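Chains as they are written, first to last, in my numbering: chain A, 1 to 115; chain B, 116 to 222. Where a beta carbon is used, it is the ideal one built from N, C-alpha and C, also for glycine. Here the structure is a predicted model, which means the values were calculated and not measured.
Written out as structure tokens, the structure is:
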């Protein structure tokens, strides 16, 4: 079974530029998550989708971050404009359902460096 | 107080040693608990769920203490391949990750 796919794997941009990340979850997984992991910290949930609807985006900095999952399958996360503190690994995860006991499967992440 | 707190370590142990990690959480309404493992520059992967009655998977034992709001992970007979960061995860309405405890098992 194919895992969660993410691209690009690495991205270097200058501050105030825009960047977009793409995620393709495991086939059939209804729930998709975007996390931000800053060096030395655990992943922090940015947004959770159930099919194509947003379930939780309480920790998403909405002034600069946006995400969509239009057809309920793959998803994009955008940062516009980027700040230095956005340098982190952006992890996408998916789960079959949305219960609290659901196992989340993570993609390899996109490493973003903002200069 | 952080929602999920872990001792960052590092824990440096010899092969064959037993090592234990603790994790405390602040939300008493939390309903599910997990340990994830994250290798250097890799994504987190589920190690095991933590059940109220405690559970064991080979050399790994996880326990939950709701009254004191902590969970623990015990690794027996440590292997070199156990070297990784272990993330404590608490789920109420969403998954909250601790910062992780780093373990290095040495020959």
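Separation of residue j from residue i, as counted between CA atoms
{"i": "residue 142/B", "j": "residue 33/A", "result": "22 Å"}
{"i": "residue 70/A", "j": "residue 208/B", "result": "23 Å"}
{"i": "residue 13/A", "j": "residue 83/A", "result": "10 Å"}
{"i": "residue 118/A", "j": "residue 31/A", "result": "Residue 118/A lies beyond the residue range present for chain A, which begins at 1 and ends at 115; the question has no answer from this structure."}
{"i": "residue 91/A", "j": "residue 10/A", "result": "12 Å"}
{"i": "residue 172/B", "j": "residue 163/B", "result": "8 Å"}
{"i": "residue 191/B", "j": "residue 67/A", "result": "42 Å"}
{"i": "residue 136/B", "j": "residue 3/A", "result": "29 Å"}
{"i": "residue 131/B", "j": "residue 51/A", "result": "45 Å"}
{"i": "residue 184/B", "j": "residue 106/A", "result": "27 Å"}
{"i": "residue 15/A", "j": "residue 37/A", "result": "19 Å"}
{"i": "residue 73/A", "j": "residue 212/B", "result": "25 Å"}
{"i": "residue 138/B", "j": "residue 203/B", "result": "6 Å"}
{"i": "residue 25/A", "j": "residue 196/B", "result": "28 Å"}
Limits of the beta strand (DSSP E) - the one that residue i falls within
{"i": "residue 46/A", "result": "44-50"}
{"i": "residue 55/A", "result": "53-56"}
{"i": "residue 195/B", "result": "First-last for residue 195/B: undefined, no H or E at that position."}
{"i": "residue 78/A", "result": "75-79"}
{"i": "residue 127/B", "result": "126-129"}
Neighbourhood of residue i by C-beta, 6 Å cutoff - its chain only, sequence neighbours within 5 removed
{"i": "residue 57/A", "result": "47"}
{"i": "residue 200/B", "result": "153, 215, 217"}
{"i": "residue 20/A", "result": "76, 78"}
Chain A residues whose Cβ lies nearer than 9 Å to that of residue i
{"i": "residue 171/B", "result": "Ordered by position in chain A, no residue passes the 9 Å Cβ test against residue 171/B, which lies about 18 Å from the chain."}
{"i": "residue 120/B", "result": "Those within 9 Å of residue 120/B in chain A number zero; the least Cβ separation is about 11 Å."}
{"i": "residue 212/B", "result": "35, 37, 41, 42, 43, 44, 45"}
{"i": "residue 164/B", "result": "101, 103"}
Residues of its chain near residue i, where Cβ-Cβ distance is below 7 Å and the 5 sequence neighbours each way are ignored
{"i": "residue 80/A", "result": "18, 64"}
Chain B contact residues for residue i, given Cβ-Cβ distances below 8 Å
{"i": "residue 108/A", "result": "157, 158"}
{"i": "residue 91/A", "result": "158, 159"}
{"i": "residue 28/A", "result": "By Cβ distance, chain B contributes nothing, its closest Cβ being about 18 Å from residue 28/A, past 8 Å."}
7 Å Cβ cut-off: residues of chain A touching residue i
{"i": "residue 209/B", "result": "45, 48, 56"}
{"i": "residue 202/B", "result": "42"}
Proximal residues of chain B, C-beta to C-beta of residue i below 9 Å
{"i": "residue 97/A", "result": "Result: empty, since nearest Cβ-Cβ is about 13 Å, beyond 9 Å."}
Under 7 Å from the C-beta of residue i: neighbouring residues of chain B
{"i": "residue 103/A", "result": "161"}
query = Given a limit of 9 Å on CB to CB distance, which residues of the stretch 36-68 of chain A reach chain B?
reply = 37, 40, 41, 42, 43, 44, 45, 48, 55, 56, 58, 59
request  = Determine which residues of the stretch 124-155 of chain B have a Cβ less than 7 Å from any Cβ of chain A, and write them out in chain order.
outcome  = 146, 147
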